[in-house]
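Here the working numbering = 1-based position in the sequence shown + 383. Note that CB positions come from ideal geometry on N, CA and C, so glycine has one too. Only one structure is covered here, and it is reproduced in the block below.
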Amino acid sequence: MTEVHAAGSVLAPIVTEVPVVTSIFINGTWSPARTERTFTVTDPSSGRSIANVADASVDEVRSAIDAAHDALDAWSARTAYERSAILYRAHHLMLERADELAVLMTTEQGKPLRAARTEVQYAADFLIWFAEEAKRIYGRTIPSARPDQRFVVQHQPVGVVGAVTPWNYPISMITRKVAPALAAGCTVVLKPAEATPLCAVEVFRILEEAGVPPGVMNLVTTSDPRMVGEEFTSNDKVAKVTFTGSTAVGRTLAEGAGRSLKRISLELGGHAPFIVFGDADPVHAAKGAAAIKMLNTGQACIVPNRYFVHSSIVDEFCEVLTSRLGRMTVGHGLQEGVSVGPLINEAAVERMERHVSDAVNHGAKVRLGGHRLTEGELAAGNFYAPTVLSGVTPDMLIYREETFGPIAPVIAFGDEDDVIAMANDTSYGLASYIYSRDISRVLRTAERLKFGMVGVNDINPTSAAAPFGGVGDSGLGREGAQEGLLEYLETRLLGISV
């Protein structure tokens, strides 16, 4: 079994004092919670407390919604060029502060510093993309059968948006929602993940400095996400809810939004298949498989969770995959050379242990890892070894459930129809991947896969300019691209008699 590398000394000092952060932003004013309650943010690599942030109550959530509602008319009346200019300034400021944002993200969320820097760039991409798209909210005219009538189609902002963002991409998931909302002329109330509120605070400080007026964007940090969800879905002043997170929570929000007929967009879980056909280069495919599997330590909804590899090349694929993952260095993200960080919390580690134990008990072979890392400084954090399992079968938990961690389960196949059926044998439908040099096979397979996104010999089919989203239990709607802007717009028809 290949050993996993651990990293050395930390590049930057870890915070020892625990500051109190003023993290509620309502109507242009930063404040602590009215109750003075706080909750603690910890570094998942060390278990150390790094800050205490304001724990908002339902009264503050309602105040934030009221502020957004009061600011809506004036903001939506601004020209598209004015809104665009503010987003351009925010883009500039974010890039200017990229290094400090990346260090904060690594400390709060755990991903290696290089990956954090990449995410800051990705987050900034959404600001500039929607700064440009703000000026392209086009309408159209429609011919009428009557000579004295004209039809004009317009797009108008939905209204107040209640947004909930996740911990795994704590900056880019904010800009992916807030940027199109502001571009469209909507106002926003954001509830960031409890694990990563500090990143949200810094993003809002950038937007404030860029010139977003008071009330247009509001931030409520809280340890009670259920309360916020219930308020977003029941408050008449909220016109739309947008959420990225688990499918279970997404279902609950969709039910609440349905009762009041609110617009809703959901980016939920995934169970991505990674199909490697017999004509593919197994080395190239395995290198791609290793890179995407360790994206954010496997904590990304587009990370493959089932590796279907043709039986003729499965051994070579596993050898290369095991070798690549075995050479990756695990540790605190601020340590030099680290490529794999911690899981977000103890529950995530326990899920890894449960999935591996179940797979082994049902006959799978552990080719790499398969255990928690507790050597030296790793003992204080939520570290799990990069893991490769072979001989995985449909009766195992890992075949059915989203692992959301650094485990690569490999399943051998022989027939094209069989592997497509296995790939589609899930209620999720977000990302999927195909490796093949046969263009006909690629097109046949891509057309039959029931997923919102398909990467063909490509492990990164994402961009601010491309629509992101899935089907089934992976959610509703799209983010990014022109489609992402349309999620925040209503269509209005003018019938004009001339």
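query: Reference Asn618, options Glu502, Thr770, Lys645, His693, closest by Cα; result: Lys645
query: Gly812 vs Gly853 beta-carbon contact at 8 Å; result: yes
query: Beta-carbon gap between Thr548 and Ala514 smaller than 8 Å; result: no
query: Beta strand (DSSP E) segments (min. 3 residues) lying fully within the stretch 594-678; result: 600-602, 621-627, 646-650, 655-659
query: Boundaries (first-last residue) of the beta strand (DSSP E) holding Gly788; result: Premise fails: Gly788 is in no beta strand (DSSP E) and is neither H nor E.
query: Cβ-Cβ distance between Asn728 and Pro427 below 8 Å; result: yes
query: Proximal residues to Asp508 (C-beta, below 7 Å), its chain only, five neighbours per side dropped; result: Ala847
query: C-alpha distance - Glu873 paired with Arg689, whole-angstrom precision; result: 39 Å
query: Contact under 8 Å by Cβ, Pro608 with Val436; result: no
query: Three-way DSSP call (helix, strand, coil) for Glu515 in this model; result: helix
query: Presumed contact (8 Å Cβ cut-off) between Ile407 and Val571, rounded CB distance; result: Not really, about 14 Å apart at Cβ, beyond 8 Å.
query: Closest residue to Ile409 among Ile433, Asp453, Arg519, Val424 (Cα-Cα distance); result: Asp453
query: Beta-carbon separation (whole angstroms), Val732 vs Val721, contact threshold 8 Å; result: In fact, because the Cβ distance is near 18 Å, the residues do not count as touching under 8 Å.
query: Neighbour-count burial assignment, Pro777, 16 or more Cβ in a 10 Å radius; result: exposed
query: Spatial neighbours of Phe587 in its chain, beta-carbon cut-off 8 Å, leaving aside the 5 residues before and after; result: Phe408, Leu573, Met600, Leu602
query: Chain-order list of residues whose beta-carbon lies under 6 Å from that of Val584 (same chain, five-residue window excluded); result: Ser406
query: The stretch 551-560 touching the stretch 497-512, judged by at least three CB pairs closer than 8 Å; result: yes
query: Assigned exposure category for Thr490 - 16 Cβ within 10 Å defines buried; result: buried
query: Rounded C-alpha distance that separates Ser414 from Ile448; result: 16 Å
query: Distance between Gly545 and Arg523 (C-alpha atoms, nearest Å); result: 29 Å
query: Counted within 10 angstroms of its Cβ, other Cβ atoms place Ala460 as buried (16 or more) or exposed; result: exposed
query: Simplified DSSP assignment, three categories, for Asn728; result: coil
query: Neighbourhood of Lys954 by C-beta distance below 6 Å, restricted to the same chain and skipping five residues each side; result: The chain is shown only over 384 to 881; residue 954 falls outside these bounds and no answer can be derived.
query: Residue nearest to Arg445 in terms of C-alpha spacing, selected from Arg417, Ile433, Gly867, Val424; result: Arg417
query: Host alpha helix (DSSP H) of Thr828 (start-end); result: 822-831
query: Neighbourhood of Gly671 by C-beta, 6 Å cutoff - its chain only, sequence neighbours within 5 removed; result: Ile842
query: Proximity below 8 Å, CB of Pro656 to CB of Ala806; result: yes
query: Pair within 8 Å by beta-carbon distance, Leu708 and Met677; result: yes
query: Per-residue burial, Leu649 [other beta carbons within 10 Å of its own, 16 or more giving buried]; result: buried
query: Arg824 vs Ile803 beta-carbon contact at 8 Å; result: no
query: Inter-residue Cα distance where the pair is Gln865 and Tyr871; result: 11 Å
query: Cβ shell of Cys582 (< 8 Å), same chain only, five flanking positions each side left out; result: Leu484, Leu487, Met488, Glu491, Gln492, Pro553, Ile554, Ile557, Pro575
query: Collapsed DSSP secondary structure at Asn807 in the structure displayed; result: coil
query: 6 Å Cβ shell around Asp821 - same chain, five flanking residues per side excluded; result: Asp662
query: Residues near Trp458 by beta carbon distance below 7 Å, same chain, minus five either side; result: Gly568, Thr570, Pro596, Val599
query: Phe534 - containing beta strand (DSSP E), residue span; result: 532-540
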